[in-house]
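Going by numbering that gives the first Met the number 0, the first residue of the sequence shown is number 0, and it counts up by one from there. The next block holds one structure in the form of structure tokens; read it before the comments.
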Amino acid sequence: MLVLEYKAVLKKTQVKAIDEAIRTSQFVRNKVLRYWMDNRGVGKKQLYQYNTQLRAEFEFVKNLNSHATHASVENVERAISRFRDNCKKNKPGSSGYPQFKKDARSVEYKTSGWKLHPTRRRITFLDKKGIGELKLLGKWDIHTYPIDLIKRVRIVRRADGYYVQLCVKAVSGTELRTSDEEIGLDVGLEHFYSDSNGHHQENPRFLRKAEKAIKHAQRRIYTKEKGKNNRRKARGRYARKHLRVSRQREEHAKRIARNVCKANAYVAYEDLNVKGLVRNRRLAKSINDVAWSAFRRWLEYFAIKFGTQVVAVPPHYTSQKCSNCGHIVKKGLSTRTHACKCGCVLQRDVNAAINILFKAKSTGGHPGSNAWGVGTSTLLGVTLVEQVATLSQESPGF
């Protein structure tokens, strides 16, 4: 599934109509979830029947396209299924009990409720919410895909405006690699990653660089009176600064992952539990800033595009073990040089990257999950499968 995203040009009345559609979608989801909580054992059929009751009872729900309310029910279904799967597998920690949505930011239509203009640069929403025709700005060429292949249309609200996403049932084309090398990657905080060839990729630290401006924008919010327009504008400026950092991380991870997969036929990396690592309150900000999860997600996507084999291996002892003789050389995090009695002296992360590659080749590791959410055999935190399953093709994320 490819996701082609466009910026929407809106009038003030359309902004209000979209916000109303998003609130209605959130209302349906929360009501259906409450119905499931109060009536344990109800199945999929009963959830959709309750959705029909809501459409009959509330006029504002009826005004939203029926397929859009069905999509809200599907969101509840996925949350329930995920919770049950976690319980069956006795997953440690939180089982992910379904939660109510407090600030939904999107509404999703299926194959009805919208119509594309013949130019494919405008889209009209046909339900009674009053959204009407939206002008689309973007580089994607939707002309190459038949209308029948567009299975979902989403309107997404972000800090810098509204976006329309067209979900197309198609497979992206493959590309040729530039070489067939093998490489091991050790991600870190000092460097974005160090590879088994001795190369260090710089850690851009986008949040750290923007932190001063973000804090200034945050302080400006509290100088404005509550409930006033100036406070709303200040909040918008603050949110846009965070959005920019988020996009910088995603684009950087995408670019680096593409280069790695294009230049190598075999890539080994660490199977890290990022969700567990960010519980360290001293390192949480730096770990989130380096975006290991996004990097792995894009590695697995471009592995399919370039025909690269990506393998995840357990990270245990990869930093302590000598890559030359196999002897365990204990060292703390502050020790950045690996020096073994066999005479092997390497930068700590390069030594770990070589061990990761050896480990993957000797044990096979775990084949990396792919960007379509099929055959995922390893998890990077509990949200990797969700992220992979909703990955957009080389475009900003959802």
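Ideal Cβ positions, reconstructed from N, Cα and C, are used throughout, including at glycine. Every value quoted in this text rests on a predicted model; they were computed, and no experiment measured them.
Would you mind reading off the limits of the alpha helix (DSSP H) that contains residue i?
{"i": "V289", "result": "A283 to V289"}
{"i": "Q48", "result": "K43 to E56"}
{"i": "E76", "result": "S65 to K87"}
{"i": "G40", "result": "Premise fails: G40 is in no alpha helix (DSSP H) and is neither H nor E."}
{"i": "K274", "result": "V273 to L276"}
Determine the closest residue to residue i out of the options, with distance taken between C-alpha atoms.
{"i": "E210", "options": "V155, D288 and G235", "result": "D288"}
{"i": "N50", "options": "G40, R39 and N29", "result": "N29"}
{"i": "P314", "options": "R246, G172, R54 and I355", "result": "I355"}
{"i": "N263", "options": "I146, W113 and Q308", "result": "Q308"}
{"i": "V152", "options": "L1, K15 and S361", "result": "L1"}
{"i": "R236", "options": "G187, A158, R204 and R257", "result": "A158"}
{"i": "D270", "options": "R278, V14, W291 and R120", "result": "W291"}
{"i": "Q13", "options": "K134, V41 and D102", "result": "K134"}
{"i": "A70", "options": "K43, R120, R248 and D185", "result": "K43"}
{"i": "R218", "options": "D126, A233 and K225", "result": "A233"}
{"i": "L188", "options": "S285, R119 and K168", "result": "S285"}
{"i": "R239", "options": "G275, N228 and G160", "result": "G160"}
{"i": "E19", "options": "I130, S111, R176 and Y108", "result": "I130"}
{"i": "R104", "options": "R156, R54, F82 and D140", "result": "R156"}
{"i": "T110", "options": "K360, G331, D194 and A67", "result": "A67"}
{"i": "T334", "options": "K127, A212, D126 and R347", "result": "R347"}
{"i": "N62", "options": "K15, K127 and G112", "result": "K127"}
{"i": "T362", "options": "C86, V310 and I141", "result": "V310"}
{"i": "F191", "options": "A293, P117 and Y144", "result": "A293"}
{"i": "C324", "options": "L332, C343 and Y316", "result": "C343"}
{"i": "L242", "options": "L115, F205 and R83", "result": "F205"}
{"i": "N202", "options": "I255, G275, E299 and A55", "result": "I255"}
{"i": "I21", "options": "K101, H142 and G306", "result": "K101"}
{"i": "R257", "options": "E224, G306 and A78", "result": "G306"}
{"i": "Y265", "options": "I182, K208 and K225", "result": "I182"}
{"i": "P117", "options": "I141, G95, Y108 and Y96", "result": "I141"}
Determine the extent of the beta strand (DSSP E) in which residue i is found, giving its start and end residues.
{"i": "G131", "result": "G131 to L136"}
{"i": "Q346", "result": "V344 to Q346"}
{"i": "I122", "result": "R121 to F124"}
{"i": "G183", "result": "E180 to V186"}
{"i": "A338", "result": "T336 to A338"}
{"i": "N263", "result": "N263 to E269"}
{"i": "E19", "result": "Counting along the chain, E19 falls outside any beta strand (DSSP E), though it belongs to the alpha helix (DSSP H) covering K11 to D37."}
{"i": "S195", "result": "Counting along the chain, S195 falls outside any beta strand (DSSP E), and DSSP gives it neither H nor E."}
{"i": "E174", "result": "Where E174 is concerned, there is no enclosing beta strand (DSSP E), given that its DSSP letter is neither H nor E."}
{"i": "L1", "result": "L1 to V8"}
{"i": "Q308", "result": "Q308 to V312"}
{"i": "I149", "result": "I149 to R157"}
{"i": "Y316", "result": "First-last for Y316: undefined, no H or E at that position."}
{"i": "S105", "result": "S105 to Y108"}
{"i": "V163", "result": "G160 to V167"}
{"i": "L115", "result": "W113 to L115"}
For residue i and residue j, which I take to be in contact (beta-carbon distance under 8 Å), what is that distance rounded to the nearest angstrom?
{"i": "V75", "j": "I154", "result": "Contact doesn't hold; Cβ gap of about 20 Å is too wide."}
{"i": "R72", "j": "L46", "result": "Arg is not the amino acid found at residue 72; the sequence shown has Val there. With a Cβ gap of about 5 Å, V72 and L46 count as contacting."}
{"i": "K358", "j": "V328", "result": "Not confirmed; about 16 Å, so no contact."}
{"i": "C260", "j": "F301", "result": "4 Å"}
{"i": "V167", "j": "L148", "result": "5 Å"}
{"i": "S318", "j": "A267", "result": "S318 to A267, Cβ: 15 Å. No contact."}
{"i": "I403", "j": "V186", "result": "The structure shown does not extend to residue 403, since the chain is modelled only from 0 to 397, so the question has no answer here."}
{"i": "T173", "j": "K304", "result": "6 Å"}
{"i": "E4", "j": "G112", "result": "Not quite, the Cβ-Cβ distance comes to about 19 Å (not below 8 Å), so this is no contact."}
{"i": "I353", "j": "S195", "result": "5 Å"}
Exposed or buried, residue i, counting other C-beta atoms within 10 Å across all chains shown (16 or more means buried)?
{"i": "S322", "result": "buried"}
{"i": "S368", "result": "Residue confidence for S368 is low, a pLDDT of 47 falling below 50, so the modelled location carries little weight; the figure read from the coordinates is stated next. Per the 10 Å Cβ criterion, buried."}
{"i": "T23", "result": "buried"}
{"i": "V373", "result": "In this prediction, V373 has a pLDDT of 35, which is less than 50 and means its spatial position is unreliable; nothing more can be read from the coordinates."}
{"i": "I146", "result": "exposed"}
{"i": "L32", "result": "buried"}
{"i": "A296", "result": "Residue 296 is actually Arg in this sequence, not Ala. By the 10 Å Cβ count, R296 comes out buried."}
{"i": "Q98", "result": "exposed"}
{"i": "K10", "result": "exposed"}
{"i": "R337", "result": "The question names Arg, but residue 337 in the sequence shown is His. Buried."}
{"i": "D37", "result": "exposed"}
{"i": "Q52", "result": "exposed"}
{"i": "L125", "result": "exposed"}
{"i": "H326", "result": "exposed"}
{"i": "R248", "result": "buried"}
{"i": "S93", "result": "exposed"}
{"i": "L332", "result": "exposed"}
{"i": "K150", "result": "exposed"}
{"i": "S394", "result": "With a pLDDT of 40 at S394, under the threshold of 50, the modelled position of this residue cannot be trusted; read the value that follows with caution. With 16 or more Cβ atoms within 10 Å of its Cβ, S394 is classed as buried."}
{"i": "H402", "result": "Missing from the structure shown is residue 402; the chain here goes from 0 to 397 and no further."}
For residue i and chain C, any beta-carbon pair shorter than 7 Å?
{"i": "W291", "result": "Chain labels in this structure do not include chain C; a single protein chain is all it has."}
Item to check | Residue ranges of each alpha helix (DSSP H) within the segment 196-240, 4 or longer | outcome: Whole alpha helix (DSSP H) segments, 4+ residues: 205-220.
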